[in-house]
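Engineer:
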Amino acid sequence: MFARYSSNLARSSQLRRFQSTLVLAEHNNETLNPITSNAVTAAKKLGGDVTVLVAGTKVGPIAEAAAKLDGVSKVLVAEGDAFNGLVAEAVTPLVLATQNQFKFTHIVAGASAFGKAVLPRVAAKLDVSPVSEIIDVKSADTFVRTIYAGNAIQTVKSKDPVKVVTVRGTNFEAAGTGGSAAIEKAPEGNYKSDLTEFVSQELTKSDRPSLTAAKIVISGGRGMKSGDNFKMLYDLADKWGAAVGASRAAVDAGFVPNDLQIGQTGKIVAPELYVAVGISGAIQHLAGMKDSKTIVAINKDPEAPIFQVADYGLVADLFKAIPEINEKC
Amino acid sequence: MSRVLVGVKRVIDYAVKIRVKPDKSGVVTEGVKHSMNPFDEIAVEEAVKMKEKKIASEVVAVSVGPAQSQEVLRTALAMGADRGIHIEVSGKDYELLQPIHVSKILAKLAQDEKADLVILGKQAIDDDCNQTAQMTAALLDWPQATFASKVEKTADGLTVVREIDGGLETIKTKVPAVISADLRLNTPRYATLPNIMKAKKKPIKKVAPKDLGVDTTPRIEVVSVEDPPVRQAGSILPDVDTLLSKLRDGGHIK
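Listed in order, the protein sequences are those of chains A and B. The first sequence begins at 1 in the working numbering and counts up by one. The second sequence begins at 1001 in the working numbering and counts up by one.
(1) How is A/G179 classed by DSSP in three states: helix, strand or coil?
(2) Quick check on the DSSP output: what are the complete alpha helix (DSSP H) runs of length 4 or more inside the stretch 1031-1112 of chain B, in order along the chain?
(3) Taking the beta carbon of A/M224 as the centre, do at least 16 other beta carbons fall within 10 Å, making it buried, or is it exposed?
(4) Can you tell me where the alpha helix (DSSP H) holding A/Y234 begins and where it ends?
(5) Can you tell me where the beta strand (DSSP E) with A/D49 in it begins and where it stops?
(6) For B/H1086, go through chain A and note every residue whose CB falls closer than 7 angstroms to its CB, in chain order.
(7) With a cut-off of 8 angstroms, does the C-beta of B/A1110 fall near any C-beta of chain A?
(8) With which residues is A/L314 paired in a DSSP beta bridge?
(9) So the beta strand (DSSP E) B/A1274 belongs to, where does it begin and stop?
(10) Using a Cβ-Cβ cutoff of less than 8 angstroms, which residues in the same chain neighbour A/K185 once the five nearest sequence positions on both sides are dropped?
(11) Classify B/A1078: buried if its beta carbon has 16 or more other beta carbons within 10 angstroms, exposed otherwise.
(12) Is there at least one Cβ from chain B nearer than 8 angstroms to A/D259's Cβ?
(13) For A/D141, I'd like the list of residues in its chain whose CB is within less than 6 angstroms of its CB, leaving aside the five on either flank, ordered along the chain.
(14) Can you pull the chain B neighbours of A/Q264, defined as C-beta to C-beta under 8 angstroms?
(15) Please confirm whether B/D1215 has its beta-carbon closer than 8 angstroms to some beta-carbon of chain A.
(16) For A/M289, count the other beta carbons within 10 Å of its own beta carbon; 16 or more makes it buried, fewer makes it exposed. Which is it?
(17) Please state whether DSSP places B/I1253 in a helix, a strand or coil.
(18) In chain B, which residues lie with their C-beta within 9 angstroms of the C-beta of A/Y274?
(19) Would you grab the beta carbon distance between B/H1252 and A/T294 for me? Rounded to a whole angstrom, and I think it's under 8 angstroms.
(20) The alpha helix (DSSP H) that contains A/Q99, what's its start and end?
(21) Exposed or buried, which one is B/D1211 when buried takes at least 16 other CB atoms within 10 Å?
(22) So, for A/V251: in the same chain, excluding its five sequence neighbours on each side, which residues have a beta-carbon less than 6 angstroms away from its beta-carbon?
(23) Is the Cβ-Cβ distance between B/I1171 and A/E26 less than 8 angstroms?
(24) Give the single residue among A/I35, A/A82, A/D49, A/Q154 whose Cα lies nearest to the Cα of A/A109.
(25) Rounded to the nearest angstrom, what separates B/I1255 and B/K1153 at their Cα positions?
(26) Please list the partners that A/Y312 has in chain B, where partner means a Cβ-to-Cβ separation under 7 angstroms.
(27) In the DSSP output, what is B/I1164 paired with across the bridge?
(28) Per DSSP, A/L260 is paired with what?
(29) Closer than 7 angstroms by C-beta to A/I183: which residues in its own chain qualify, once you throw out the five before and the five after it? Chain order, please.
(30) Using the beta-carbon of each residue, which ones in chain B are nearer than 8 angstroms to A/A321?
(31) Could you work out which residues of chain A lie near B/D1227, taking near to mean beta carbons separated by less than 9 angstroms?
(32) Mind listing which residues of the stretch 75-108 of chain A have their C-beta closer than 8 angstroms to chain B's C-betas, in chain order?
(33) Are the stretch 1038-1045 of chain B and the stretch 1178-1187 of chain B in contact at 8 angstroms, needing three or more beta carbon pairs?
(34) Just grab the DSSP bridge partners of A/Q154 for me.
(35) I want to verify the contact list: residues of chain B whose CB lies under 8 angstroms from the CB of A/R121, in sequence order.
(36) With a cut-off of 8 angstroms on the beta carbons, I'd call B/N968 and B/V1011 a contact; round off their distance for me.
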């Protein structure tokens, strides 16, 4: 038994020597975005040490939150005006300087708008081919991802010396928060970019849970007919503690803002319960929600493709069904 | 006045239900309807609009791919691009071609053609990578305006509204720059028959990656391509009460 233990130890220390991962933290200068925690879990699956890089204009509390994530051995912080708006042109040279000093084998971020903007830029600078939005880790160089709007699963093996990977948050559990990593300074440098200047953000304000983290998501489509009718869904969402999403048709028709869009080119969600209301179920929409645990479809068209993926279907006029549900909940 | 380079990719049409090959090597592309990647149509439209507003002097459409890629170049020309460049890559080489290769080709072309703007779609709907624009910008050391839903020319550069997770974000970039188009940037026009006829006379230059000094050795090996797990068929419920009791039984709602 002792021998087995020591051989395991030897193997794991060997792994540690060969694998080391840098995870880019995502945050809004106030809280750590939960997708970072999912990315840390993916990083742990790669084996080896996990370091989190936190860059921003105000990063103290973020660094502390990152240091508590299970499996993180070190947190590197870079604070300064250069990181206002976390523009890719400023974050990239910081990641390169950090990579230059520590020689990570993997650089990882969540596949959010932030991660998608920054990591390919980093990869090109390192002359490596990035791997987007992985849903599983087979080994340190082999990853699983979806192609064709989730209609095929591709397993790829990267031959590059550094693996640059974005992670689909919904496919990895959030890391626990019992850690106590050391917090150190990231390599110093002048990272201010004169190529791009962050001007402003207009964020959709909502008291409901965020779409990608919600346990229940209620989505409306073209069948909602107007933005005003979404109020029915908001009312129900408030009763259930749910987030509200939408199909592209509902966004394009101006019913709701674009950041509510679920699908191949919007957000990918995988809640416990997904309720599709007045959504036909186009390939592009299914790409964003078909990993949900339980899917409910409410649609008056019995032929709607959404019923092919729904666990429970209700063929009904949503303008009768939703008020009735609202009344009975 | 500036020159705009716009990238267009030929992909399986967005409405087609794809089929995975039995040998798990990829998806069936033979005999399947192809068209221009939807995000690239938006990129072309934006470039042509810039020309109509006299912000751009020339729009050059570029496609990397097999011989049939000329069809999407013709479509771009019919929408209003001035000329095309076809970088021919076919067969096994094309199957293993990745954004890193395409971005190297585009970066070299942007320099050779003295482009001031490169506009690409934010992602191709086949590989769903969402990488090429960012990588092209990195190789050129140009600013990147990804997921753009509004682009305005200002005196000293561009003001771009980007679609981000929580809403929208506005940035200013210098030019030259690389833009990646999101769905809501514009509504692409349909090419009219006279414009399709005219497009046949517009020039398309053919170039090989090696002419541009770009090595297209694959960096990634595709181990397998498989069907996603199939969901178990569900049931149609008779009324709201049954639905609510199912959801309560499942512990989803109280």
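Think of the CB as a built atom: it goes at the ideal place given N, C-alpha and C, for glycine as much as any other residue. Small disclaimer: the values here were computed from a predicted structure and weren't measured.
Structural biologist: Answer, in terms of the structure:
(1) Under the three-state reduction of DSSP output, A/G179 falls in the coil class, being neither helix nor strand.
(2) Counting only runs of 4 or more, we get 1038-1052, 1069-1079, 1091-1095, 1099-1112.
(3) That one is buried.
(4) In the DSSP assignment, A/Y234 falls within the unbroken alpha helix (DSSP H) covering 230-240.
(5) Bounds of the beta strand (DSSP E) holding A/D49 are 49-56.
(6) Taking the beta carbon of B/H1086 as reference, no residue of chain A falls within 7 angstroms; the closest one sits roughly 23 angstroms away.
(7) Taking Cβ atoms only, chain A never reaches closer than 8 angstroms to B/A1110, which makes this a no.
(8) According to DSSP, A/L314 bridges with A/I298, B/L1237.
(9) Given a span of 1001 to 1254 for chain B in the structure shown, any question on residue 1274 of chain B remains unanswerable.
(10) Within the same chain, A/K185 has close Cβ partners L76, V77, A78.
(11) It is buried - the Cβ of B/A1078 has at least 16 other Cβ atoms within 10 Å.
(12) Yes, contact with chain B.
(13) Correct list, in chain order: K157, S158.
(14) For A/Q264, the C-beta contacts it makes with chain B under 8 angstroms involve I1125, D1128, in order along the chain.
(15) Not closer than 8 angstroms to any Cβ of chain A, the Cβ of B/D1215 fails to qualify, so no.
(16) Classification for A/M289: buried.
(17) In this structure, DSSP gives B/I1253 a state outside helix and strand, which the three-state scheme calls coil.
(18) Under the 9 angstroms cutoff, chain B gives no residues; its nearest Cβ is about 10 angstroms from A/Y274.
(19) Sure, about 6 angstroms apart at Cβ, within 8 angstroms.
(20) Its alpha helix (DSSP H) spans residues 88-102.
(21) By the neighbour-count rule (16 or more Cβ atoms within 10 Å), B/D1211 is not buried but exposed.
(22) Only N258, Q261 meet the Cβ criterion.
(23) Contact annotation: B/I1171 and A/E26 have beta-carbon atoms that are not nearer than 8 angstroms.
(24) In terms of Cα proximity to A/A109, the closest of A/I35, A/A82, A/D49, A/Q154 is A/I35.
(25) Residue 1255 of chain B cannot be examined here, being either before or after the span of chain B that is shown, 1001 to 1254.
(26) Ordered by position in chain B, the residues that pass the 7 angstroms Cβ test against A/Y312 are G1234, S1235, L1237, L1243, K1246.
(27) As computed with DSSP, B/I1164 is found in a beta bridge with B/G1167.
(28) Residue pairing from DSSP leaves A/L260 without any beta-bridge partner.
(29) Same-chain partners within the cutoff: A63, A67, V75, V77.
(30) Within chain B, the residues near A/A321 are V1240.
(31) In chain order: N151, A152, I153.
(32) Taking 8 angstroms as the Cβ-Cβ cut-off against chain B, the residues of the stretch 75-108 of chain A that qualify are G85, V87, A88, E89, T92.
(33) The stretch 1038-1045 of chain B makes contact with the stretch 1178-1187 of chain B: 3 or more CB pairs, one atom from each, lie closer than 8 angstroms.
(34) BP columns for A/Q154 point to A/R145, B/V1225.
(35) Within 8 angstroms Cβ-Cβ: Q1134, M1135, A1137, A1138, Q1144.
(36) Because chain B here runs from 1001 to 1254, residue 968 of chain B falls outside it and cannot be looked at.
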